[in-house]
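Here's the structure, in structure tokens; my notes come after.
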Amino acid sequence: MFVSAELTAWLDDPQRQVDAREAADEFMKRWTSRAGVRELQHDLRSLKIRTADSVLAAARRFMSRTDEFRDLLRDFSAAAADNPFFRPHFLLLASDVATSILLYADPDVTVSMGVTSADALAAKKSGGRGSGSIAFSGLRSVFHFLKSGNATLTIWEAPESGDTFADDQGGHCRLVERRRIADGETLALDGRTQSFVIEHATSDMVYIQAEALVDRAPLAVEYDDRTLDLVGATSTDEVSSRTQMMASLLRLMGRKDAAPVIARLIERAPFYARWYLTRELLALDVEAALPVLGRLAEADPHPEVRATAAQTLALFFGEDEAAA
Amino acid sequence: MKKIDIARIPELQTSIGMYGSAKQKEVAGPMCLGVMIGISILIRCA
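Going down the list, the protein sequences come from chains A and B.
Just so we're aligned, residue 126 is where the first sequence starts under this note's numbering, counting upward by one.
Just so we're aligned, residue 92 is where the second sequence starts under this note's numbering, counting upward by one.
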């Protein structure tokens with residue numbers, strides 16, 4: 126690793142490190158006290174019912190105040206010019222083509238400002254990459270393009286993934302529209318059924334993105350970008366995924382005392398977690414799992430869970446024991 | 092009661108990945124898993 130003389134001097138000078146930290150603290154204080162940020166906070170707190178529509182409406186009002194973002198960037202540039210080690214306390218979110226900072230986070234909505242690099246995009250498009258996905262996030266979002274980069278987007282649609290999603294019903298996604306984005310344009314996207322792909326940009330794109338975390342689809346779904354076939358689905362529910370991992374751990378630890386808790390969790394879990402937890406419960410404590418298995422085989426709303434539970438009953442217990 | 096080996100218990104035909112996982116890399120669209128995971132960590136820590 127090459128360490129510059131400037132970095133060495135900074136590392137050797139505790140006061141300069143404190144100065145950089147304090148400058149970042151002051152910067153964040155200025156940002157959070159700005160009228161637009163305070164208004165967004167107030168608007169969200171005033172909502173009696175939080176829906177994707179209501180939280181995105183509040184976020185849109187904030188996003189329309191482009192002066193706030195211009196001032197933010199000016200303040201950022203000035204502070205960075207003063208001190209090359211200045212780093213504001215925004216969460217940095219990066220992919221191979223885009224870098225964003227999280228400007229505002231609420232349990233139900235987030236607002237970020239991002240830059241998509243035209244060069245990185247071109248390299249990705251021309252590179253010998255493997256299969257790629259068109260991803261449907263399951264979330265509703267709004268993009269406001271401060272700089273469009275003269276980009277061309279393709280807009281895609283796919284069937285909504287619901288509580289009865291099954292691989293053989295995932296279908297395909299389809300191209301709906303190809304469009305050029307202009308500076309200042311706003312694009313609303315329902316990630317439950319819509320997605321976009323940036324096909325081409327002549328310069329970097331700069332945008333504000335709001336994403337509603339309420340009213341989301343239970344699954345994020347991927348389609349292959351060449352065949353347009355379903356590739357797979359992932360949970361949008363972090364809690365159920367953590368619960369699954371916890372159940373596996375408890376089973377590996379042989380914690381039979383956790384069986385009643387796991388049995389209760391099965392009742393309110395999404396379909397894929399219901400079956401995952403039932404498998405864990407069955408391997409942990411057969412006696413506790415048997416009534417759960419019977420209920421799933423009899424009346425689970427998801428046909429695959431119902432069929433797999435019935436198959437499992439027949440496999441391990443035979444018809445007599447299952448009936449009991 | 093008998094003990095059942097989890098490997099012998101049937102799985103659903105429809106496989107759903109854990110939160111934050113993906114099968115293939117996304118082609119320059121609106122979703123960034125790093126973004127989603129980062130945000131969820133931030134909100135939980137706030």
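Cβ coordinates follow ideal geometry from the N, Cα and C atoms, glycine included.
Kindly indicate the opening and closing residues of the alpha helix (DSSP H) around D96 of chain B. Locating residue 96 of chain B in the second sequence gives position 5, counting from the first residue. According to the DSSP assignment, D96 of chain B belongs to no alpha helix (DSSP H), since it is labelled neither H nor E.
Are the C-beta atoms of D362 of chain A and some chain B residue less than 8 angstroms apart? Working through the first sequence from its first residue, we reach residue 362 of chain A at position 237. It does: the Cβ of D362 of chain A has a partner Cβ on chain B nearer than 8 angstroms.
Could you tell me which of A:L217, A:P428, A:Y229, A:A283 sits nearest to V356 of chain A, measuring between CA atoms? For the purposes of this step, residue 356 of chain A is identified with residue 231 of the first sequence, where counting begins at 1. Nearest C-alpha to V356 of chain A: A:A283.
A408 of chain A and I97 of chain B closer than 8 angstroms at C-beta: As a working note, residue 408 of chain A is residue 283 in the first sequence. As a working note, residue 97 of chain B is residue 6 in the second sequence. It is a contact, given that the beta carbons lie within the stated cut-off.
Just mark L217 of chain A as buried or exposed, buried being the case when its beta carbon has 16 or more other beta carbons within 10 Å. In the first sequence, residue 217 of chain A corresponds to position 92, counting from 1. By the neighbour-count rule (16 or more Cβ atoms within 10 Å), L217 of chain A is not buried but exposed.
I need the straight-line Cα distance from G120 of chain B to R351 of chain A, nearest angstrom please. Walking along the second sequence from the start, residue 120 of chain B turns up at place 29. Walking along the first sequence from the start, residue 351 of chain A turns up at place 226. Just so you know, the alpha carbons of G120 of chain B and R351 of chain A end up roughly 15 angstroms apart.
Which class does M238 of chain A belong to by DSSP, given the choice of helix, strand or coil? Along the first sequence, read from residue 1 onward, the residue named residue 238 of chain A stands at position 113. Here M238 of chain A sits in strand by DSSP.
In the DSSP assignment, the alpha helix (DSSP H) including R199 of chain A goes from what residue to what residue? Position 74 of the first sequence, counted from the first residue, corresponds to residue 199 of chain A. Where R199 of chain A is concerned, the enclosing alpha helix (DSSP H) stretches over 191-207.
What first and last residue would you give for the alpha helix (DSSP H) that runs through E164 of chain A? Counting from one through the first sequence, the residue named residue 164 of chain A turns up at place 39. In the DSSP assignment, E164 of chain A falls within the unbroken alpha helix (DSSP H) covering 160-171.
Taking the C-alpha atoms as reference points, what is the distance between A223 of chain A and P428 of chain A? The residue you call residue 223 of chain A lines up with position 98 of the first sequence. The residue you call residue 428 of chain A lines up with position 303 of the first sequence. Spanning the two alpha carbons is a distance of roughly 40 angstroms.
In its own chain, which residues sit with a C-beta less than 7 angstroms from the C-beta of E310 of chain A, not counting the 5 before and 5 after it? Walking along the first sequence from the start, residue 310 of chain A turns up at place 185. Once the five neighbours on either side are set aside, the close Cβ partners of E310 of chain A are F270, S273.
Which residue's Cα is closest to the Cα of A398 of chain A: A:Q436, A:Y348, A:P343? Residue 398 of chain A sits at position 273 when you count from the first residue of the first sequence. Cα-wise, what sits closest to A398 of chain A is A:P343.
A449 of chain A to R265 of chain A, Cα distance in whole Å? Counted from its first residue, the first sequence places residue 449 of chain A at position 324. Counted from its first residue, the first sequence places residue 265 of chain A at position 140. Confidence at A449 of chain A is low in this model, with a pLDDT of 49, below 50, so its placement is unreliable and the value that follows should be read with caution. Taking the straight line from one Cα to the other gives about 47 angstroms.
Cβ neighbours of R141 of chain A in the same chain (closer than 7 angstroms, five flanking residues each side left out): Position 16 of the first sequence, counted from the start, is the residue given in the question as residue 141 of chain A. Within the same chain, R141 of chain A has close Cβ partners W135.
Please report the straight-line C-alpha distance between A447 of chain A and L415 of chain A, rounded to a whole angstrom. Within the first sequence, the letter at position 322 stands for residue 447 of chain A. Within the first sequence, the letter at position 290 stands for residue 415 of chain A. Annotation note: pLDDT 49 at A447 of chain A (below 50); position unreliable, coordinate value reported separately. Using only the alpha carbons, I get a separation of about 8 angstroms.
Euclidean distance between Cα positions of S251 of chain A and V118 of chain B: The residue given as residue 251 of chain A occupies position 126 in the first sequence. The residue given as residue 118 of chain B occupies position 27 in the second sequence. S251 of chain A and V118 of chain B: Cα-Cα distance of roughly 12 angstroms.
Three CB pairs or more closer than 8 angstroms across the region 294-301 of chain A and the region 144-155 of chain A: In short, these stretches do not touch, since the Cβ pair count stays below three.
Taking just the CA atoms, how far does D207 of chain A sit from Q319 of chain A? Here residue 319 of chain A corresponds to residue number 194 of the first sequence, with the count starting at 1. Here residue 207 of chain A corresponds to residue number 82 of the first sequence, with the count starting at 1. Cα-Cα distance, rounded: 43 angstroms.
Alpha-carbon to alpha-carbon, T359 of chain A and G443 of chain A: Within the first sequence, residue 443 of chain A is the residue found at index 318, counting from 1. Within the first sequence, residue 359 of chain A is the residue found at index 234, counting from 1. Each residue's alpha carbon lies about 33 angstroms from the other.
Buried/exposed call for I391 of chain A, threshold 16 Cβ in 10 Å: Here residue 391 of chain A refers to the residue found at position 266 when the first sequence is read from its first residue. When all chains shown are included, I391 of chain A counts as buried.
Using only alpha-carbon positions, find the residue among A:R186, A:R185, A:P213 that is nearest to L197 of chain A. Translated into positions along the first sequence, residue 197 of chain A becomes position 72. Considering only alpha carbons, the answer is A:P213.
State yes or no: is the beta carbon of E429 of chain A nearer than 8 angstroms to at least one beta carbon in chain B? In the first sequence, the residue the question calls residue 429 of chain A occupies position 304. With 8 angstroms as the cut-off, E429 of chain A counts as an interface residue toward chain B.
With H, G and I counted as helix, E and B as strand and the rest as coil, what does DSSP make of Q140 of chain A? The count along the first sequence starts at 1 and reaches residue 140 of chain A at position 15. Looking at Q140 of chain A - three-state DSSP - the assignment turns out to be helix.
Within chain B, the residues that K249 of chain A reaches when beta carbons sit closer than 8 angstroms: Residue numbering aside, residue 249 of chain A sits at position 124 when the first sequence is read from its first letter. Under the 8 angstroms cutoff, chain B gives V118, A119.
Do you know how far the Cα of T433 of chain A is from the Cα of I100 of chain B? Your numbering for residue 100 of chain B matches position 9 in the second sequence. Your numbering for residue 433 of chain A matches position 308 in the first sequence. A straight line joining the alpha-carbon of I100 of chain B with that of T433 of chain A spans about 9 angstroms.
Opening and closing residue of the beta strand (DSSP E) in which T259 of chain A lies: By 1-based counting over the first sequence, the position of residue 259 of chain A is 134. One detail in the question is off: residue 259 of chain A reads as Ile in this sequence, not Thr. Its beta strand (DSSP E) spans residues 257-261.
Per-residue contacts from A342 of chain A into chain B (C-beta, under 8 angstroms): Numbered from 1 along the first sequence, position 217 holds the residue referred to as residue 342 of chain A. Here the premise fails: no neighbours, minimum Cβ distance about 12 angstroms.
Short CB-CB distance (under 8 angstroms) between R404 of chain A and chain B: The residue you call residue 404 of chain A lines up with position 279 of the first sequence. With respect to chain B, the C-beta atom of R404 of chain A has a partner C-beta closer than 8 angstroms.
Do you know offhand how far E102 of chain B's Cα is from W400 of chain A's? By 1-based counting over the second sequence, the position of residue 102 of chain B is 11. By 1-based counting over the first sequence, the position of residue 400 of chain A is 275. Rounded to whole angstroms, E102 of chain B and W400 of chain A show a C-alpha spacing of 8 angstroms.
Report the neighbours of V222 of chain A on chain D: residues whose CB is nearer than 7 angstroms to its CB, in chain order. Here the protein chains are A and B, and chain D is not one of them.
Do L402 of chain A and L418 of chain A have their beta-carbon atoms positioned less than 8 angstroms apart in this structure? Looking up residue 418 of chain A in the first sequence gives position 293. Looking up residue 402 of chain A in the first sequence gives position 277. Not a contact, by the Cβ cut-off of 8 angstroms.
Which residue comes first and which comes last in the alpha helix (DSSP H) that contains E412 of chain A? Locating residue 412 of chain A in the first sequence gives position 287, counting from the first residue. Residues 411-424.
What does the Cβ neighbour count give for P395 of chain A, buried or exposed, with the cut at 16 atoms within 10 Å? Mapped onto the first sequence, residue 395 of chain A falls at position 270. Its Cβ being crowded by 16 or more others within 10 Å, P395 of chain A is buried.
Rounded to whole angstroms, what's the CA-CA distance from R376 of chain A to K93 of chain B? Just pull it up for me. Position 251 of the first sequence, counted from the first residue, corresponds to residue 376 of chain A. Position 2 of the second sequence, counted from the first residue, corresponds to residue 93 of chain B. Rounded to the nearest angstrom, the two C-alpha atoms are 15 angstroms apart.
Does the CB of E347 of chain A have a neighbour CB from chain B at under 8 angstroms? Here residue 347 of chain A corresponds to residue number 222 of the first sequence, with the count starting at 1. Contact with chain B is found for E347 of chain A, since one of that chain's Cβ atoms lies less than 8 angstroms from the residue's Cβ.
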